[in-house]
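Visitor:
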Amino acid sequence: MPVLRFDNVSKHYAGGRQALSEVTFEVDAGEMLFVTGHSGAGKSTLLKLIHLSERASRGAVLFNERNLRNVRGRQVAMHRREVGVVFQDHRLLADRSVADNVGLPLLLRGTARGEIGKRVRVALEKVALADRGDALPTQLSAGEQQRVGIARALVTEPRLLVADEPTGNLDPTLSAEIMALLESLPERGTSVLVASHDLGLVKRMRKRVLVLGDGRLLDDIRPEDLAE
Ligand code: ADP
Ligand code: ADP
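Counting in UniProt numbering, the sequence shown runs without a single skipped number right up to 228 at its last residue.
What follows is the structure, given as structure tokens:
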């Protein structure tokens, strides 16, 4: 069963141009794939429709076979528990410890303190920062800060993680490290969808790639289709 399905999805912003035009694809459970394309191609918009920062103008976005059009009000927060989001600038709170940053999504949901502590430890272990929970984000390197952002996205144990240019601010070595981490997640049951305009990086990963151009899905490349 696909975890995510876009069925002829279009998005136009009020007063703006068409950001997505009739986009159709499926993501299987446990799959990692990329979405790439030039600046303005519609990558961020595609991710925003998945975590309901934006709504489709036409067509259907289905998550676990559920049409997100019908996810309203309080259900939006429940939906977001199943979709972890990683941003380019990681958006960590500077005056809170690493552990508090990672636990924030659980705190906002009213999870019991003891349970938060346990889940934060598990999430920090996944990103190899188990010993940095008490540090402040500013005491960590850029790559470590992005790993904290990933831990925060994983703490609710989402079915799907979406990452918008997660290596946009990192040098090639740290980018490769973050990609290796993201690549390890499908083995643990979380599908991963990464938006990146860094074609070189995307190619090196040898994963499925959705190519957007001016809001259209130009190509859906599977690694097994690529000749050596
Ligand atoms: P990408 O992530 O590939 O750079 P975006 O999804 O951010 O592309 O943008 C796609 C198109 O939609 C661009 O033309 C952009 O200017 C436009 N756009 C994005 N967000 C908005 C918005 N909130 N209002 C109006 N236009 C927008
Ligand atoms: P991105 O998602 O592409 O990384 P951001 O989300 O940081 O960029 O963009 C900042 C805000 O500006 C977003 O809410 C985005 O939707 C909005 N935006 C982008 N392009 C336009 C546009 N052409 N007109 C109006 N708003 C836009």
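Even for Gly, the Cβ is constructed at its ideal location relative to N, Cα and C.
So, with DSSP's three-state summary, where would you put proline 166?
Guide: Taking the sequence shown and counting its residues from 1, one reaches residue 166 at position 166. In this structure, proline 166 counts as coil in the three-state DSSP scheme.
Visitor: Quick one: what's got a C-beta closer than 6 angstroms to residue 229's C-beta in the same chain, skipping five residues either side?
Guide: This structure cannot settle anything about residue 229, because the visible part of the chain is limited to 1 through 228.
Visitor: For the beta strand (DSSP E) holding histidine 12, just list the boundary residues, first then last.
Guide: Numbered from 1 along the sequence shown, position 12 holds the residue referred to as residue 12. 2-12 is the span of the beta strand (DSSP E), which, as asked, contains histidine 12.
Visitor: Do phenylalanine 87 and lysine 207 have their beta-carbon atoms positioned less than 8 angstroms apart in this structure?
Guide: To locate residue 207, count along the sequence shown from 1; it is residue 207. To locate residue 87, count along the sequence shown from 1; it is residue 87. Contact flag unset, no.
Visitor: Just to check, is the beta-carbon of threonine 111 closer than 7 angstroms to a non-hydrogen atom of ligand 1?
Guide: Within the sequence shown, residue 111 is the residue found at index 111, counting from 1. No.
Visitor: What whole-angstrom Cβ distance do valine 102 and arginine 147 have, given they're in contact under 8 angstroms?
Guide: The count along the sequence shown starts at 1 and reaches residue 102 at position 102. The count along the sequence shown starts at 1 and reaches residue 147 at position 147. Not quite, the Cβ-Cβ distance comes to about 10 angstroms (not below 8 angstroms), so this is no contact.
Visitor: Got a sec: does ligand 1 put a non-hydrogen atom nearer than 7 angstroms to the Cβ of glycine 16?
Guide: Position 16 of the sequence shown, counted from the start, is the residue given in the question as residue 16. Glycine 16 Cβ: within cutoff of ligand 1.
Visitor: Tell me the DSSP bridge mates of glycine 15?
Guide: Here residue 15 is taken as the residue at index 15 of the sequence shown, counted from 1. Glycine 15 is not bridged to any residue.
Visitor: Can you tell me whether DSSP reads aspartate 225 as helix, strand or coil?
Guide: The residue given as residue 225 occupies position 225 in the sequence shown. Helix.
Visitor: Under 8 angstroms, do alanine 123 and alanine 163 count as touching if we go by C-beta distance?
Guide: By one-based count along the sequence shown, residue 123 stands at place 123. By one-based count along the sequence shown, residue 163 stands at place 163. Cβ distance not < 8 angstroms, so alanine 123 and alanine 163 don't count as in contact.
Visitor: Using 10 angstroms around the beta-carbon of proline 172, count the other beta-carbons present and answer buried if the total reaches 16, otherwise exposed.
Guide: Along the sequence shown, read from residue 1 onward, the residue named residue 172 stands at position 172. Classification for proline 172: exposed.
Visitor: What three-state label does DSSP hand serine 196 in the structure shown?
Guide: Here the question's residue 196 lines up with position 196 in the sequence shown. Coil at serine 196, not helix or strand.
Visitor: Count the other CB atoms within 10 Å of the CB of glutamine 75; is the residue buried (16 or more) or exposed (fewer)?
Guide: Within the sequence shown, residue 75 is the residue found at index 75, counting from 1. The residue in question, glutamine 75, is exposed, as its Cβ has fewer than 16 Cβ neighbours within 10 Å.
Visitor: Alpha helix (DSSP H) containing glycine 143: first to last residue?
Guide: Taking the first residue of the sequence shown as 1, we reach residue 143 at position 143. That run of the alpha helix (DSSP H) goes 142-154.
Visitor: Tell whether a beta-carbon distance below 8 angstroms holds between alanine 29 and valine 71.
Guide: Numbered from 1 along the sequence shown, position 29 holds the residue referred to as residue 29. Numbered from 1 along the sequence shown, position 71 holds the residue referred to as residue 71. No, the Cβ-Cβ distance between alanine 29 and valine 71 is not below 8 angstroms.
Visitor: Can you name, in chain order, every residue of its own chain whose Cβ lies under 7 angstroms from the Cβ of alanine 142, other than the five neighbours on each side?
Guide: Along the sequence shown, one-based indexing puts residue 142 at 142. Cβ neighbours of alanine 142 beyond the five flanking positions: Asn169, Leu170, Leu174.
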